[in-house]
Amino acid sequence: MRFDLVPKPSTVEDRPRDVRGYPVPAITPWDGEQPQFALTDYGRSADCAQQRLCSVCNVLMPRGPVWRVVGGAESAAIAEALAAGRPYRNMAPTMEGPGHRACMLYASMVCPYLARPNARRGLTAAQPNELTEHVVRGATRGALGAVVGFADYEFAVTPSQVLFRFLDVVEFLPHDTADAHLDELRAELARGGRGPAASAG
Ligand SMILES: [Zn+2]
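Offset between the sequence shown (1-based) and this note's numbering: plus 326.
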């Protein structure tokens, strides 16, 4: 589906756009007028970590769980741990910061087209045709990745990088297709982005 048909959280709607109209995530550095989607800005990332700001929309994340999009390998490892009834522990730090549930659902569907730092997952500047290959190849659940909720995050701001570590999986939403989370995103936006727990009230 076209990226502009994916409904945007209001805080994403407020983000600056690149020339194609793609919203530019908070942690993306700019070179003049040109957002550098493949890179992560050190200062913006440090602000997100220290001020608990969403890495996509730059707005404060409430206390409680945070979300991120993981690639296929990590999705498979989480699925395996959950199936075995083991807690999932990934102690390898990542440069990718957390975000709101709605923002990460949105990012999971739009970011393959943004060519974000997916390079670190072995997708060098993912193009739409690479995405199609994944869908064709994607026989297993969550082959493309997952939107994952974690109870909390830790971070370290080193002189050269901002590193995040995520603790305790509280929600696991795998995807095999680019538009897998469309209904979930619509439902989340209808709830005002208060997360899955708020739906009961
Ligand atoms: Zn956000």
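Every residue, glycine too, gets a C-beta built ideally from N, C-alpha and C. Keep in mind it's a predicted model, so treat the numbers as computed, not measured.
Just verifying my parser: in three-state terms, what is the DSSP assignment at residue i?
i: L470; result: coil
i: Y368; result: helix
i: T420; result: strand
i: D357; result: strand
i: G542; result: Any question about residue 542 goes unanswered here, given that the chain covers just 327 to 527.
i: D344; result: coil
i: A399; result: helix
i: A465; result: With a pLDDT of 40 at A465, under the threshold of 50, the modelled position of that residue is not reliable, and the figure given next carries that caveat. If DSSP states are grouped into helix, strand and coil, A465 belongs with coil.
i: D478; result: strand
i: P388; result: coil
i: P349; result: strand
i: R394; result: strand
i: H460; result: The pLDDT assigned to H460 is 45, lower than 50, so where the model puts this residue is not dependable; a value taken from the coordinates is nonetheless given after this. Here H460 sits in helix by DSSP.
Do residue i and ligand 1 come close, with the Cβ less than 7 Å from some heavy atom?
i: G437; result: The question names Gly, but residue 437 in the sequence shown is Cys. Answer for C437: no, Cβ out of range of ligand 1.
i: H507; result: no
i: G518; result: no
i: C380; result: yes
i: T366; result: no
i: G423; result: no
i: T337; result: yes
i: C429; result: yes
i: C383; result: yes
i: H501; result: no
Go through its chain and collect everything with a Cβ distance to residue i's Cβ below 8 Å, but skip five positions before and after it.
i: E496; result: Rather than Glu, the amino acid found at residue 496 in this sequence is Val. Here the set comprises P391, G475, F476, A477.
i: M421; result: T366, S371, P443, R446, Q487, V488, L489, F490
i: R378; result: L386, M387
Can you tell me where the alpha helix (DSSP H) with residue i in it begins and where it stops?
i: R512; result: 508 to 516
i: T484; result: Taken as a continuous stretch (DSSP letters only), T484 belongs to no alpha helix (DSSP H), as it is neither H nor E.
i: S381; result: From DSSP, S381 is part of no alpha helix (DSSP H); its letter is neither H nor E.
i: V338; result: 336 to 339
Taking the beta strand (DSSP E) that residue i belongs to, which residues open and close that run?
i: V495; result: 488 to 501
Ignore the nearest five residues each way along the sequence and tell me which others in residue i's own chain have a CB closer than 6 Å to its CB.
i: L489; result: P419, A482
i: T337; result: C383, V385
Please return the same chain residues whose Cβ sits closer than 7 Å to the Cβ of residue i, not counting the five positions on each side in sequence.
i: A428; result: P335, L511, E514, L515, G519
Any beta-carbon of chain C closer than 8 Å to the one on residue i?
i: A472; result: Of the chains in the structure shown, none is chain C; there is only one protein chain.
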